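**Student:** Going left to right, the sequence shown walks through residues 5 to 102 as this note's numbering numbers them. Yeah, the Cβ is synthetic: ideal placement off N, Cα and C, and Gly gets one too. Note that the structure is predicted; figures quoted are calculated from it, not measured.
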Amino acid sequence: FSRYGVRDKLVTKLINAKKKAAPGTKPEIIKTHLRNMIIVPPMVSSLVGVYNGKGYILVEIKPDMVGHYLGEFALTYQPVKHGRPGAGTGPVSRFLPS
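1) Hey, how far is the Cα of Ile-4 from the Cα of His-72?
2) Would you kindly check if the distance between the Cβ of Ile-34 and the Cβ of Lys-17 is under 8 Å?
3) Taking the alpha carbon of Leu-79 as the reference point, which residue from Val-63, Asp-12 and Pro-45 has its own alpha carbon closest?
4) Classify Pro-67: buried if its beta carbon has 16 or more other beta carbons within 10 angstroms, exposed otherwise.
5) With a CB to CB cut of under 8 Å and the five nearest residues on each side skipped, what residues in its chain are close to Gly-53?
6) DSSP puts Glu-64 in a beta bridge; with which residues?
7) Just to confirm the assignment, what range does the beta strand (DSSP E) spanning Lys-35 have?
8) Rounded to whole angstroms, what is the Cα-Cα separation between Lys-24 and Lys-30?
9) Reducing DSSP to helix, strand and coil, say where Phe-5 ends up.
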């Protein structure tokens, strides 16, 4: 009987990591590519490395994350930081082809 379907293996690893951790310390980080996994209550207070296409983003699972997807907490892109336009002062200098 598998409670969480195919993803039961990840939940089991997270539970075992929490059991092995000494009281007052953080559990071992478990890495995963399962960005579409919904966070369930047994995963709370675990450390998960979620793959974002380039590397693993550390996510500490908190109680208010239950019901959300792991991928929501590991962005796959760098948000754009808009600044001032290009080097010159006139309207022509705003567009800088690369």
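**Tutor:** If we stick to the structure as given:
1) Absent from the structure is residue 4, since the part of the chain shown begins at 5 and ends at 102.
2) yes
3) Val-63
4) exposed
5) Once the five neighbours on either side are set aside, the close Cβ partners of Gly-53 are Ile-33, Ile-34, Lys-35, Thr-36, Tyr-60, Ile-61, Leu-62 and Val-63.
6) Answer is Leu-51, bridged to Glu-64.
7) Looking at the DSSP string, the run of the beta strand (DSSP E) that includes Lys-35 is 33-36.
8) Cα to Cα, the separation comes out at about 10 Å.
9) Confidence at Phe-5 is low in this model, with a pLDDT of 46, below 50, so the placement of that residue should be treated as unreliable; the coordinate-derived value is given next. Reduced to three states, the DSSP call for Phe-5 is coil.
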